[in-house]
Every structure is written in structure tokens, then in C-alpha cells.
Amino acid sequence: MKFLTFSAESPADALNQAQVQCGEDALVVSTKQVKKKSLNTPALYEVVVAVEDSKTKQKPPKKSKYKSDKDVLLNISEAAKQISQIAKETDKTLSLRKEKKISQQKKMHNENAGNVGEIKDEIVKLTDKIKIIQEMFWEEKSSSRNNLAIPPEFAEIYKLAKISGIESNHLDSVMRLTLEHMPLKMRHSSESVKRYFQVLLRKMVPIRYEREVERGVKKIIMFVGPTGVGKTTTIAKLAARFSYIKERRDKVGIITLDTYRIGAVEQLFQYAKMMKLPMEDVIEPSDFNSALRSLSHCSTILIDTVGSSQYDKDKLTKLNQFIQNSEYEIDVNLVLSAGSKFEDLKSTYKNFSFLNIDTLIFTKFDETKTFGTVFSLIYDINKPVSYFSIGQEVPDDIVVANSDFLIECMLNGFKRRQNANTSK
Ligand SMILES: Nc1nc2c(ncn2[C@@H]2O[C@H](COP(=O)(O)OP(=O)(O)OP(=O)(O)O)[C@@H](O)[C@H]2O)c(=O)[nH]1
Ligand SMILES: [Mg+2]
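If you want it as C-alpha cells, here you go:
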């Protein structure tokens, strides 16, 4: 008796080979799976049969390792049944395993999905809570916003602008304009709302750009304003700027009308001397034109005045006499401190306005944190700004007015490095 082994991808195929080769009388010794099916290769089954030497039709395949008769169990027909059973069982086991694996994967997926879902739910709940809290505070204050319904995305910029000291009614009108004109798609984030709001604010600041003095034209600039705001210091900075710093240099002369205060003339005289600029002092309005004439060789004449309280009618009236007596047109610059309260700025402007103010200069940017008042005054009186003074240093601490600078200071505070365009 010989033992022969047949291999195939399924037990049935292996058995079939054995049948073809050895006939029906061959006895099946064993069947087993020798290799599992993988992704790339099929399964391998082995059937070992025992045959009498004379029953082998062809050259037998390789010899089996089974050597003993006692392993012989079944004839082939019987084995076929069992094999198909084994195959079924194997398939069943495999599919059971597969099902188990899938169900495990599903379970894990469901568990993960459950976790992610739970986290998502939590985030949504938290976001809602934050919005509700925001709106609670928001609603609480709504009475002071003239019933202006402001969406939560606008809350951040609203609060920033509010703490800048801007007047409530000005802030509400800017808000109203933003709400009316801002494209819907920009409203979803507070960042884009902020940007839009900033652009709008910038457009609302009237600026007077610095112009070159035309040849043959005299530019006579008078600086008026309350006491101690920085008129004299600003004149010194601008005298240096016009005569030495700007590309096209002007011939600059200085006149001071501030002859009351001890040391006032001396203060300006020292600057004029350092810069080698001609300077005249005038006491009476009737002498004003002769002083202007004596500086006829200058294309730019800067006039310092005595600081006066906006309530000091006598001083203001005398100041007006100088302007009225002048043979030349005078550009009147009202100098104000950025740190003053809005009401004070407004009353100062009101009481100086009979001098026909042409432009505003704001000083002491480095001494305040609230620039909304500056914005509000400009917005209210609609007068252009020409310079911002940002410190005591002569000649460096002066900035040619620009709306970007002011709005940046208003929303994010004054920073000295913003000073890149100083005097430019
Ligand atoms: N921090 C700061 N100080 C300034 C600025 N501008 C002027 N000052 C200071 O403010 C003080 C008054 O400056 P002045 O230029 O004398 O002011 P003024 O308006 O001429 O004063 P009166 O002639 O007395 O009315 C001085 O100590 C200046 O150095 C500024 O932008 N920032
Ligand atoms: Mg002065």
C-alpha cells in the first residue's frame, strides 16, 4: 500500500485529483488545510490517500509523510462528504471570524463615532453657552445703544471702540453704517467685522496732506490753542522739518506773538538760533505786518502765539486782531492735546473757531491711551488733521497725519514703533 498526497486550493479539488489518480477505492487517510488563504495567495489543502500499488493509474505524486495504515480512515466517497462538511465548517468559521471582525470594527467605529459625536455635542453646547452669556451682557447694555441690534460678531470691535473713548452716538452711527453696508459673507467672523469697521473708520477721518510750497507763494502758518498743549515745541519740530528734513527745503522764518510770558520768547529763540532761522517778536497787532515783511525772503513763516484758555475772551480777541490785520492770508492751526476729554476738546474748538481754524494738530499721543476722543472731535467738526505730535523730542517726534495711524492708535493703542513714518 502506498500513501499519496494531493494538494489543491479546496479540499474538494484535492479529493477530485485523488479520485482521478487513484480511483474510487483509494482510502482517505487525512485531509487538512496546510496554508490559510491570504490577500494575495489562495488557501492550500492536502488530502492523503492510501492505495494498493496496482490501483495507481499514473505515476504517483510525491510520497506522503504518512507511513502507517492506522491513519487510513475513509474511502474517497465518504471522505468527500466529510470534506465538503469540513469546507463548509471552514467557510463557516471563516465567515464567522470575518463577521466577528467586522462587528468588532463596527463596534469600535461606533464607540469612536460615539466619542467624537459626544465631543462635538459638548463643543456645540459650550459655543451656545458662550453666545448666550455674551448676549446676556450684550442685551443688558442694549438700552445704552439706542436699541441698535448688534450681532455678537460685532461685539469685540464695538467694545474696543467703546473703550477708546469714542462718543456713543458716533460709535452707533459707525456701527449702523457697518451693519448696513458690510457684505453678508464678511459677517461670520469677528476678525473680518473688525477689518471692515477699521476701513470705515479710516475713511471717516479727514486729513490735510502736506503740500510743497509753490514757488512765489508764501505760506504763513499760525499755531493757536490752549496753554501748554505743545504749540512752541511743534513749531520747533516743523521748522526743522521744513528747512532741513523735507526733500524740498523751504526758507523758514519764525514770529512769536507770545511776549507776555517770561522765558517764552527765549524758548523759541533758542530753537531758532540752533537751526539758524530768522525770528521776530511782535507785541502789537499793528506791528505784525512789518514783522512779516522783514521775513519776506522766507517762503514759510511759522507764528507762535500765547496759550490761552478757551474761556479767555480778551486773549482770543487780541489774537484775532493779528489775523485780521495781516496783509497775507494766514493758515490757522489749532493745537490740541490728544489726552483731553471730548467735552473739553469740543468747547476749545468752539471758542477758537471764530479764528477760522483751517486744520487741527493733536499733540501728546504718547501720554494717552484713548484716541476715540480725537476721532470723535474730528468726526464731529469735520476739520482735517495735519500732524500728530508723539513726544517731546525735537525734531523727531512728529507724524504727518494719516488715518491709518490714528485708527490703529484708537483700536490698539499708540506704539512707538508705529513711528516708522515719523516726519515723513
Ligand atoms: N509727552 C509729550 N510732551 C509734549 C509733546 N509736545 C510738547 N510736549 C511738552 O509739553 C510741554 C509744553 O510744551 P510747549 O511747546 O511749551 O507748549 P505751548 O503750547 O507752547 O505752551 P504755552 O506757550 O505755555 O501755551 C513741554 O514740556 C513739551 O516738551 C508731546 O507730543 N508729548
Ligand atoms: Mg508756547
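Counting from 579, one number per residue, gives the positions in the sequence shown under this note's numbering. For each residue, glycine too, the CB sits at the ideal point set by N, CA and C.
Quiz item: So what does DSSP say about SER887, is it helix, strand or coil?
Solution: As a first step, residue 887 must be located in the sequence shown, where it is residue number 309. In this structure, SER887 counts as coil in the three-state DSSP scheme.
Self-check item: CB contact flag (THR878, LYS809, <8 Å)
Solution: Within the sequence shown, residue 878 is the residue found at index 300, counting from 1. Within the sequence shown, residue 809 is the residue found at index 231, counting from 1. Not closer than 8 Å, so no.
Quiz item: Say the cut is 7 Å; is the CB of LYS809 nearer than that to a heavy atom of ligand 3?
Solution: Although ligand 3 was asked about, the structure shown includes only ligand 1 and ligand 2 as ligands.
Practice problem: Could you work out which residue in ASP974, PRO589 and VAL627 is closest to THR812 when comparing CA atoms only? | Solution: By 1-based counting over the sequence shown, the position of residue 812 is 234. Ranking the options by Cα distance to THR812, first place goes to ASP974.
Practice problem: Return yes when the Cβ of PRO962 is within less than 8 Å of the Cβ of PRO730, no when it is not. | Solution: The sequence position of residue 730 within the sequence shown is 152, counting from 1. The sequence position of residue 962 within the sequence shown is 384, counting from 1. Taking 8 Å as the cut-off, the Cβ atoms of PRO730 and PRO962 do not count as close.
Quiz item: Relative to the alpha-carbon of GLU858, which residue among MET764, LYS763 and VAL843 has its alpha-carbon at the smallest distance?
Solution: Within the sequence shown, numbered from 1, the residue matching residue 858 stands at position 280. Of the candidates MET764, LYS763 and VAL843, the one whose C-alpha sits nearest the C-alpha of GLU858 is VAL843.
Practice problem: Counting only the same chain and skipping the five closest in sequence on each side, list residues whose C-beta sits under 7 Å from that of LYS947. | Solution: For the purposes of this step, residue 947 is taken as the residue at position 369 of the sequence shown. So the list reads GLY991, once near-sequence residues are dropped.
Quiz item: For ligand 2, any of its heavy atoms closer than 7 Å to the Cβ of ARG890?
Solution: Position 312 of the sequence shown holds residue 890. Sequence check: residue 890 is Asp here, not Arg. False, no ligand heavy atom lies under 7 Å from that Cβ.
Exercise. Pull up the DSSP beta-bridge partners for GLU858, would you.
Key: Position 280 of the sequence shown, counting from 1, holds the residue named residue 858. ILE833, per the DSSP bridge assignment.
Quiz item: Taking only runs of the alpha helix (DSSP H) that begin and end inside the region 906-994, which ones reach a length of at least 4 residues, in chain order?
Solution: Taking 4 residues as the shortest admissible run, the region 906-994 contains the following complete alpha helix (DSSP H) segments, listed from N- to C-terminal end: 920-930, 950-959 and 981-990.
Practice problem: Give the C-beta separation of ALA592 and PHE584 to the nearest angstrom, bearing in mind that I take them to be a contact with Cβ-Cβ under 8 Å. | Solution: Stepping through the sequence shown from its first residue, residue 592 is reached at position 14. Stepping through the sequence shown from its first residue, residue 584 is reached at position 6. Between PHE584 and ALA592 the Cβ distance is about 5 Å, and since that is below 8 Å, they are a contact.
Self-check item: Of the listed residues ARG994, LYS993 and MET988, nearest to TYR736 (C-alpha basis)
Solution: Mapped onto the sequence shown, residue 736 falls at position 158. For TYR736, the nearest C-alpha among the options comes from MET988.
Practice problem: Decide yes or no for the touch test of the region 846-853 against the region 815-833: beta carbon pairs closer than 8 Å, at least 3 of them. | Solution: The answer is yes - the region 815-833 touches the region 846-853, with three or more Cβ pairs under 8 Å.
Practice problem: Would you mind stating whether SER821 and MET853 have Cβ atoms separated by less than 8 Å? | Solution: Position 243 of the sequence shown, counting from 1, holds the residue named residue 821. Position 275 of the sequence shown, counting from 1, holds the residue named residue 853. Going by C-beta atoms, SER821 is nearer than 8 Å to MET853.
Self-check item: Under 8 Å between C-beta atoms of ARG780 and ILE985
Solution: Locating residue 780 in the sequence shown gives position 202, counting from the first residue. Locating residue 985 in the sequence shown gives position 407, counting from the first residue. In contact: ARG780 and ILE985 (Cβ atoms closer than 8 Å).
Quiz item: Taking the C-alpha atoms as reference points, what is the distance between LYS679 and THR619?
Solution: Walking along the sequence shown from the start, residue 679 turns up at place 101. Walking along the sequence shown from the start, residue 619 turns up at place 41. Approximately 21 Å, taken between the alpha carbons.
Quiz prompt | Continuous alpha helix (DSSP H) assignments of at least 4 residues falling wholly in the region 740-808 | solution = Here the runs fully enclosed are 746-759 and 768-781.
Quiz item: Count the other CB atoms within 10 Å of the CB of LYS919; is the residue buried (16 or more) or exposed (fewer)?
Solution: Reading the sequence shown from its first residue, position 341 is the one you call residue 919. That one is exposed.
Self-check item: Heavy atom of ligand 1 within 7 Å of THR805 beta-carbon
Solution: Working through the sequence shown from its first residue, we reach residue 805 at position 227. The answer is yes for THR805.
Practice problem: Write down every uninterrupted run of the beta strand (DSSP E) in the region 597-624 whose length is 3 residues or greater and which is fully enclosed by it, in chain order. | Solution: Complete beta strand (DSSP E) runs here, min 3: 605-613.
Quiz item: Does any heavy atom of ligand 2 sit closer than 7 Å to the C-beta of GLY841?
Solution: Indexing the sequence shown from 1 puts residue 841 at position 263. No, ligand 2 has no heavy atom inside 7 Å of this Cβ.
Quiz item: So, is ALA916 buried or exposed, given that buried needs 16 or more other C-beta atoms within 10 angstroms?
Solution: Here residue 916 corresponds to residue number 338 of the sequence shown, with the count starting at 1. Flag for ALA916 reads buried.
Practice problem: Have a look at THR943 and GLY695 and give me their C-alpha separation to the nearest angstrom. | Solution: Taking the first residue of the sequence shown as 1, we reach residue 943 at position 365. Taking the first residue of the sequence shown as 1, we reach residue 695 at position 117. As written in the sequence, residue 943 is Phe, which differs from the Thr given in the question. It is roughly 52 Å from the alpha-carbon of PHE943 to the alpha-carbon of GLY695.
Quiz prompt | Delimiting residues of the alpha helix (DSSP H) encompassing ALA850 | solution = In the sequence shown, the residue the question calls residue 850 occupies position 272. 842-853 is the span of the alpha helix (DSSP H), which, as asked, contains ALA850.
Quiz item: Say the cut is 7 Å; is the CB of PHE847 nearer than that to a heavy atom of ligand 1?
Solution: If you number the sequence shown from 1, residue 847 lands on position 269. Because no heavy atom of ligand 1 lies under 7 Å away, the Cβ of PHE847 does not count as near it: no.
Self-check item: Euclidean distance between Cα positions of ARG793 and TYR906
Solution: Looking up residue 793 in the sequence shown gives position 215. Looking up residue 906 in the sequence shown gives position 328. Their backbone Cα atoms lie some 16 Å apart in a straight line.
Quiz prompt | Bridge partner(s) assigned by DSSP for THR878 | solution = Here residue 878 corresponds to residue number 300 of the sequence shown, with the count starting at 1. LYS797 and VAL830.
Quiz item: Cα-Cα, which of VAL607, VAL830, ALA604 and GLN597 is closest to VAL795?
Solution: For the purposes of this step, residue 795 is identified with residue 217 of the sequence shown, where counting begins at 1. For the residues VAL607, VAL830, ALA604 and GLN597, the minimum Cα distance to VAL795 belongs to VAL830.
Quiz item: So what does DSSP say about PRO589, is it helix, strand or coil?
Solution: Against the sequence shown, residue 589 aligns to sequence position 11. PRO589 falls in the helix class under three-state DSSP.
Exercise. Helix, strand or coil for TYR838, going by three-state DSSP, please let me know.
Key: Residue mapping note: residue 838 aligns to position 260 of the sequence shown, counting from 1. TYR838 falls in the coil class under three-state DSSP.
Quiz item: Exposed or buried, which one is PRO804 when buried takes at least 16 other CB atoms within 10 Å?
Solution: Against the sequence shown, residue 804 aligns to sequence position 226. That one is buried.
Practice problem: Mind reading off the beta-carbon distance from VAL529 to VAL807? Whole number of angstroms is fine, and I expect it under 8 Å. | Solution: Here the chain comprises residues numbered 579 to 1002, so residue 529 is not present and cannot be evaluated.
Quiz item: DSSP state of ALA869, grouped into three classes?
Solution: Counting from one through the sequence shown, the residue named residue 869 turns up at place 291. Here ALA869 sits in helix by DSSP.
Quiz item: Taking C-alpha atoms, which residue in MET579, LYS614, VAL607 and MET782 lies nearest to SER981?
Solution: As a working note, residue 981 is residue 403 in the sequence shown. Residue MET782 is the option with its Cα nearest to SER981.
Quiz prompt | Spatial neighbours of ASP909 in its chain, beta-carbon cut-off 6 Å, leaving aside the 5 residues before and after | solution = Taking the sequence shown and counting its residues from 1, the one referred to as residue 909 is at position 331. Once the five neighbours on either side are set aside, the close Cβ partners of ASP909 are ILE799 and ASP936.
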